[in-house]
Ligand SMILES: Cc1ncc(COP(=O)(O)O)c(C=O)c1O
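Residue numbers (UniProt numbering): 1 to 389.
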């Protein structure tokens, strides 16, 4: 029996929520339903809320350390949920996955080096490369029946000796590919052959729909594990993004030492008390909440896809294998990206992520976040239809 009520609408306005409270700054109006940035409109697992309340009520917020029980909760989670055996000696804690990508770029490449990624992709990937004065090598994913696939020939043709690193998004945002083990094996083989360091952003790794299985990239082989920094966090999985807690994982002890030195130089030694508390509590107590939220999200995905098929025939959305982000193909409408955005905001009163923000291959798409109550989803879908009518 379902224990958690995801149908409940919880007000998020005036709660310092980027999604709800920054509409005016980002979209120019507050009169839009926000279905853009990737967090959920659901309350976190009750056990996590309780653990945070207990810490708050203690009332002493002095310097923190990260107890070994936190690392143990992560190790147990990955072993149980994903059959990935990891070890606390491989961990470097950091406030987020985007900071982890930036740290890895700064530690393992030099200004001017080339860094490859598959496009379209989560847009901060581009900024982390170029803001650190590295050169982007953009490998477009190709579409097969509405789904993204990697072009390994193209990738290899781009891997000259100046390419130091590959940024991988596994599962992929946008599009929601949960990369198959066979695909990751091929990718790992190429990276080992060319000795490319891989930063694997696996923040969506727990958000996998039935019939699909997430494979941590570093679990493919010891050779690739020793070239990979896996960036994980409980923040997408359990809706804790505002608490900022994540981990860089590498089995290479020399890479781990370099990451630790980088963090020391930055003056970063620990995480926020509430982030630490939430992380441990979520990994220990959050599994049944996660299983329920995944059912709810998959149902929302099916509802959205069915609605689009029946009501907006020129628009197409392929069901993602994971994540709560629906990648909607609007190319048959024949509109420019700015026109798509204008119609969505002005006619639809709906704030989505424009696909072109995700780089080459994203033009003509929009990304809709369906991690909301059914009531909000239905309203969002009506607005999507109204925008294109
Ligand atoms: C692929 C991906 N990586 C990283 C992040 C953000 O990570 P963090 O909040 O830990 O910096 C997101 C958030 O949407 C994401 O989709």
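For glycine and all other residues, C-beta sits at the position ideal for the given N, C-alpha and C. Only a predicted model underlies this, so the values are computations on that prediction, with no experimental measurement involved.
According to DSSP, residue pairing for residue 64 in a beta bridge does not occur. An exposed status is given to residue 31, since fewer than 16 other beta-carbon atoms sit within 10 Å of its beta-carbon. In the pairwise beta carbon analysis, the segment 327-342 is classified as not touching the segment 73-88: fewer than three pairs are separated by under 8 Å.
Look at residue 366 here: in three-state DSSP terms it is strand. For residue 143, the pairing in a beta bridge is given by DSSP as 148.
The beta-carbon distance between residue 387 and residue 348, rounded to whole angstroms, is 3 Å. This is short enough to meet the 8 Å contact definition. Judged by DSSP in its simplified three-state form, residue 120 adopts coil rather than helix or strand. With a beta-carbon spacing of about 5 Å, residue 228 and residue 198 fall inside the 8 Å limit used to define contacts. For residue 29, no alpha helix (DSSP H) run applies, since DSSP gives it neither H nor E. Membership of residue 342 in the alpha helix (DSSP H) is indicated by the continuous run 337-342. The Cβ-Cβ distance between residue 108 and residue 40 does not fall below 8 Å.
The continuous alpha helix (DSSP H) containing residue 98 extends over residues 97-108. In this structure, the alpha-carbon of residue 264 lies about 48 Å from that of residue 378.
Of the candidates 160, 46, 103, 103 places its Cα closest to the Cα of residue 255.
In the DSSP assignment, residue 200 falls within the beta strand (DSSP E) that extends over 197-201.
Counting only runs of at least 3 residues, the segment 302-353 fully encloses the following beta strand (DSSP E) elements, listed from N- to C-terminal order: 325-329. Distance from the Cα of residue 70 is smallest, within the candidate group 322, 358, 275, for 275. Taking C-beta atoms as the reference points, residue 202 and residue 232 count as a pair closer than 8 Å.
In the DSSP assignment, residue 92 falls within the beta strand (DSSP E) that extends over 91-94. Judged by DSSP in its simplified three-state form, residue 385 adopts helix. Nearest to residue 111 by alpha-carbon distance, out of 134, 119, 126, 67, is 134. The way I'd put it, the segment 123-133 doesn't touch the segment 270-285; fewer than three beta-carbon pairs between them come closer than 8 Å. Residue 353 counts as buried, since no fewer than 16 other beta carbons sit within 10 angstroms of its beta carbon. CA-CA distance, residue 344 to residue 36, rounds to 12 Å. Annotation: the continuous alpha helix (DSSP H) that includes residue 259 extends over 253-266. Distances between the C-beta of residue 104 and the heavy atoms of ligand 1 are all 7 Å or more.
Exclusion of the five residues before and after residue 324 leaves 38, 40, 207, 297, 300, 301, 369, 370, 371 as the residues of its chain whose Cβ lies within less than 8 Å of its Cβ. Per DSSP, residue 281 is not a residue of any beta strand (DSSP E); the alpha helix (DSSP H) it occupies stretches across 273-285.
For residue 232, the shortest separation between its Cβ and any heavy atom of ligand 1 does not lie below 7 Å. Non-local C-beta neighbours of residue 65 in its own chain, meaning closer than 7 Å and more than five positions away in sequence, comprise 270, ordered along the chain.
Two segments are said to touch when three or more pairs of C-beta atoms, one from each, lie closer than 8 Å; by this definition the segment 350-367 does not touch the segment 207-225.
Note: residue 169 is bridge-paired with 201 in the DSSP secondary-structure output. Residues of the same chain with a CB within less than 7 Å of the CB of residue 4, apart from the 5 flanking positions on each side, are 289, 292 in chain order.
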